[in-house]
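So the protein sequences, as listed, match chains U and Y. Okay, so the first sequence: first residue is 1 according to our numbering, each after it adds one. Okay, so the second sequence: first residue is 1 according to our numbering, each after it adds one. The structure under discussion appears below in the form of structure tokens.
2 protein chains.
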Amino acid sequence: MTLKLYVDSLHGSPYAMSVFVTLKEKGLPFELETIDLEAGHNLAQPYRDLALTARVPALVHDGFVLTESSAISEYLDEVFPAPEYHAVYPRNSQRRAQARQIQAWLRSDLMPIRAERSTMSVFYGQATGPLSAEARAAADKLIRAADRLVDGPNLFTRWCIADTDLALMLNRLIMNGDEVPQKLKDYAAGQWQRDPVQSWLKLLKTQN
Amino acid sequence: MTLKLYVDSLHGSPYAMSVFVTLKEKGLPFELETIDLEAGHNLAQPYRDLALTARVPALVHDGFVLTESSAISEYLDEVFPAPEYHAVYPRNSQRRAQARQIQAWLRSDLMPIRAERSTMSVFYGQATGPLSAEARAAADKLIRAADRLVDGPNLFTRWCIADTDLALMLNRLIMNGDEVPQKLKDYAAGQWQRDPVQSWLKLLKTQN
Ligand SMILES: [Ca+2]
Ligand SMILES: [Ca+2]
Ligand SMILES: [Ca+2]
Ligand SMILES: [Ca+2]
Numbered sequence: 001m002t003l004k005l006y007v008d009s010l011h012g013s014p015y016a017m018s019v020f021v022t023l024k025e026k027g028l029p030f031e032l033e034t035i036d037l038e039a040g041h042n043l044a045q046p047y048r049d050l051a052l053t054a055r056v057p058a059l060v061h062d063g064f065v066l067t068e069s070s071a072i073s074e075y076l077d078e079v080f081p082a083p084e085y086h087a088v089y090p091r092n093s094q095r096r097a098q099a100r101q102i103q104a105w106l107r108s109d110l111m112p113i114r115a116e117r118s119t120m121s122v123f124y125g126q127a128t129g130p131l132s133a134e135a136r137a138a139a140d141k142l143i144r145a146a147d148r149l150v151d152g153p154n155l156f157t158r159w160c161i162a163d164t165d166l167a168l169m170l171n172r173l174i175m176n177g178d179e180v181p182q183k184l185k186d187y188a189a190g191q192w193q194r195d196p197v198q199s200w201l202k203l204l205k206t207q208n
Numbered sequence: 001m002t003l004k005l006y007v008d009s010l011h012g013s014p015y016a017m018s019v020f021v022t023l024k025e026k027g028l029p030f031e032l033e034t035i036d037l038e039a040g041h042n043l044a045q046p047y048r049d050l051a052l053t054a055r056v057p058a059l060v061h062d063g064f065v066l067t068e069s070s071a072i073s074e075y076l077d078e079v080f081p082a083p084e085y086h087a088v089y090p091r092n093s094q095r096r097a098q099a100r101q102i103q104a105w106l107r108s109d110l111m112p113i114r115a116e117r118s119t120m121s122v123f124y125g126q127a128t129g130p131l132s133a134e135a136r137a138a139a140d141k142l143i144r145a146a147d148r149l150v151d152g153p154n155l156f157t158r159w160c161i162a163d164t165d166l167a168l169m170l171n172r173l174i175m176n177g178d179e180v181p182q183k184l185k186d187y188a189a190g191q192w193q194r195d196p197v198q199s200w201l202k203l204l205k206t207q208n
């Protein structure tokens, strides 16, 4: 069995991190390959032919190629299921639905936060300016939703991959000094301390 | 058992249509409720408190509220499974992963197509101008991916909800007269003829 994960060479993709965390949480051995997005290597051969969407991350599992981080994590959770491997989605249908809701939402909304609080500021401390009115509104929306969801160290009884995704989105604000309630700061800080996230952050330092 | 689906009052959300199609394909009875996005009713009470993301669609199943169309369709496929109900995702793990990949991609990429070829032009024939260079590049990307995926009436052996989503994205181009290969035109036209899609289009005419 072989698993290969393609990530961007700056390790700036939050979605690449998400799949990296899934693989690490499951304890699966995998090879890491980098694609230089700045040089447009994702849009050129051979990556363009390999990856349907020409985006990172992409997973190759014994020749089966898959893009889109949420689809990849779902796939890994099905093919390498609990109890042999650590589950990355809740077992209960409603909780699992809520985890998927959060993942889908974070990938398709809150664009002004993603633009003005890039992962370069989260991972590398790149400087940012004050939030625009649109980004402030998006931040308010994120905080309102997160405040409804969070009441402890994890969203649900056990950790799931939506926790990592939500913590990263909150950290776009927190690590830039934007106002975030303490409860959410504690939640994000706790998620950030998990070994797989720390492995990702360590990778940033060694590879760049 | 009660199911209620919230959609936008113009019925312009492709994601609302997607869940509507899932419910119809499964033959589930449901109540349809409209939210006036133009008046900002999604951002106001009571919808804002009901729906975590303040977006449409939202599903309420016996008091359980869920947003994000892909999460809703997955939930419905789990709670109302085959063979009693028509499956909306493939049974095979790799095919199911590919369906999820397509859904996630169509919801998070190809933004210039979505902006310049809105569903208003698909559903209501609203006039559009020529594609910008960015939208043309996104169209090329869409067509290249769709050309790899499509080789018959459905993406996989049987219809799945990703077929409806992909057909809608292709129809943004096709119905505006943009160049699309005949194979993909045939595929989209076939998908458009399915009863649930036709029910949605009929709804547009009666309610607006
Ligand atoms: Ca580089
Ligand atoms: Ca909780
Ligand atoms: Ca209206
Ligand atoms: Ca096929």
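Glycine included, every Cβ here is placed at the ideal spot set by N, Cα and C. These numbers come from a predicted model, not from an experiment.
Provide the residue span of the alpha helix (DSSP H) that contains residue i, from first to last.
i: residue 28 (chain Y); result: It is not in any alpha helix (DSSP H) - residue 28 (chain Y) carries neither H nor E in the DSSP assignment.
i: residue 47 (chain Y); result: 47-50
i: residue 104 (chain U); result: 93-108
i: residue 115 (chain Y); result: 111-116
i: residue 87 (chain U); result: Run containing residue 87 (chain U): none; DSSP gives neither H nor E here.
i: residue 180 (chain U); result: That residue, residue 180 (chain U), is in no alpha helix (DSSP H); it is neither H nor E in DSSP.
i: residue 172 (chain U); result: 161-174
i: residue 122 (chain Y); result: 119-123
Do you know how far the Cα of residue j is from the Cα of residue i?
i: residue 143 (chain Y); j: residue 44 (chain U); result: 16 Å
i: residue 195 (chain Y); j: residue 154 (chain Y); result: 15 Å
i: residue 102 (chain Y); j: residue 51 (chain U); result: 12 Å
i: residue 193 (chain Y); j: residue 170 (chain Y); result: 14 Å
i: residue 167 (chain Y); j: residue 121 (chain U); result: 38 Å
i: residue 114 (chain Y); j: residue 35 (chain U); result: 27 Å
i: residue 172 (chain U); j: residue 14 (chain U); result: 11 Å
i: residue 97 (chain Y); j: residue 78 (chain U); result: 10 Å
i: residue 131 (chain U); j: residue 137 (chain U); result: 9 Å
i: residue 200 (chain Y); j: residue 183 (chain U); result: 43 Å
i: residue 86 (chain U); j: residue 160 (chain Y); result: 29 Å
i: residue 40 (chain Y); j: residue 56 (chain Y); result: 12 Å
i: residue 151 (chain U); j: residue 139 (chain U); result: 19 Å
i: residue 146 (chain U); j: residue 70 (chain U); result: 19 Å
i: residue 92 (chain U); j: residue 178 (chain Y); result: 44 Å
i: residue 148 (chain Y); j: residue 110 (chain Y); result: 17 Å
i: residue 202 (chain U); j: residue 100 (chain U); result: 28 Å
i: residue 29 (chain Y); j: residue 126 (chain Y); result: 32 Å
i: residue 104 (chain U); j: residue 206 (chain U); result: 31 Å
i: residue 46 (chain Y); j: residue 68 (chain Y); result: 18 Å
i: residue 158 (chain U); j: residue 64 (chain Y); result: 20 Å
i: residue 16 (chain Y); j: residue 16 (chain U); result: 28 Å
i: residue 141 (chain U); j: residue 84 (chain U); result: 38 Å
Which residue from the options puts its Cα closest to that of residue i?
i: residue 134 (chain Y); options: Y:149, Y:83, Y:112, Y:96; result: Y:112
i: residue 48 (chain Y); options: Y:62, Y:10, Y:66; result: Y:66
i: residue 62 (chain U); options: U:76, U:36, U:53; result: U:76
i: residue 2 (chain U); options: U:150, U:59, U:69; result: U:59
i: residue 24 (chain U); options: U:42, U:39, U:9, U:5; result: U:5
i: residue 124 (chain Y); options: Y:176, Y:70, Y:132; result: Y:176
i: residue 94 (chain U); options: Y:139, Y:140, Y:80, Y:27; result: Y:80
i: residue 82 (chain Y); options: Y:118, Y:205, Y:26; result: Y:26
i: residue 89 (chain U); options: U:204, U:156, U:10; result: U:156
i: residue 162 (chain U); options: U:74, U:10, U:46; result: U:74
Give the residues of chain U in contact with residue i, contact being defined as C-beta atoms less than 9 Å apart.
i: residue 141 (chain Y); result: 43, 53, 54
i: residue 107 (chain Y); result: 104, 107, 108
Near residue i, which residues of its chain fall below 7 Å by C-beta distance, leaving aside the five closest residues on each side in sequence?
i: residue 174 (chain Y); result: 180, 185, 188
i: residue 164 (chain U); result: 18, 21, 191, 197
i: residue 12 (chain U); result: 119, 120, 123
Where do the ends of the beta strand (DSSP E) carrying residue i lie?
i: residue 6 (chain Y); result: 3-8
i: residue 65 (chain U); result: 64-67
i: residue 131 (chain U); result: Note, residue 131 (chain U): premise wrong, no beta strand (DSSP E); not H, not E.
i: residue 60 (chain Y); result: 58-61
Less than 6 Å between C-beta atoms, sequence neighbours within five positions excluded: which residues of the same chain meet that for residue i?
i: residue 37 (chain U); result: 8
i: residue 106 (chain U); result: 165, 169
i: residue 72 (chain Y); result: 19, 59, 66
i: residue 42 (chain U); result: 35, 54
i: residue 204 (chain Y); result: 11, 123
Under 8 Å Cβ-Cβ, which residues of chain U neighbour residue i?
i: residue 114 (chain Y); result: Those within 8 Å of residue 114 (chain Y) in chain U number zero; the least Cβ separation is about 11 Å.
i: residue 22 (chain Y); result: Within 8 Å Cβ-Cβ: nothing; residue 22 (chain Y) doesn't reach chain U, min ~13 Å.
Closer than 7 Å by beta-carbon distance: list the chain Y residues that pair up with residue i, in chain order.
i: residue 75 (chain U); result: 93, 97
i: residue 145 (chain U); result: 52, 53
Any C-beta of chain C sitting closer than 7 Å to the C-beta of residue i?
i: residue 64 (chain Y); result: In the displayed structure, chain C is absent; the protein chains listed are U and Y.
Name the chain Y residues whose beta carbon is nearer than 8 Å to that of residue i?
i: residue 79 (chain U); result: 93
i: residue 136 (chain U); result: In chain order: nothing, as chain Y lies at least about 14 Å away.
i: residue 148 (chain U); result: 52
Within its chain, find whatever has a CB closer than 8 Å to the CB of residue i; leave out the 5 residues flanking it on each side and keep chain order.
i: residue 33 (chain Y); result: 4, 5, 6, 7
i: residue 129 (chain Y); result: 116
i: residue 31 (chain U); result: 2, 3, 4, 5
Since residue i meets chain Y, which of its residues come closer than 9 Å, beta carbon to beta carbon?
i: residue 13 (chain U); result: Those within 9 Å of residue 13 (chain U) in chain Y number zero; the least Cβ separation is about 12 Å.
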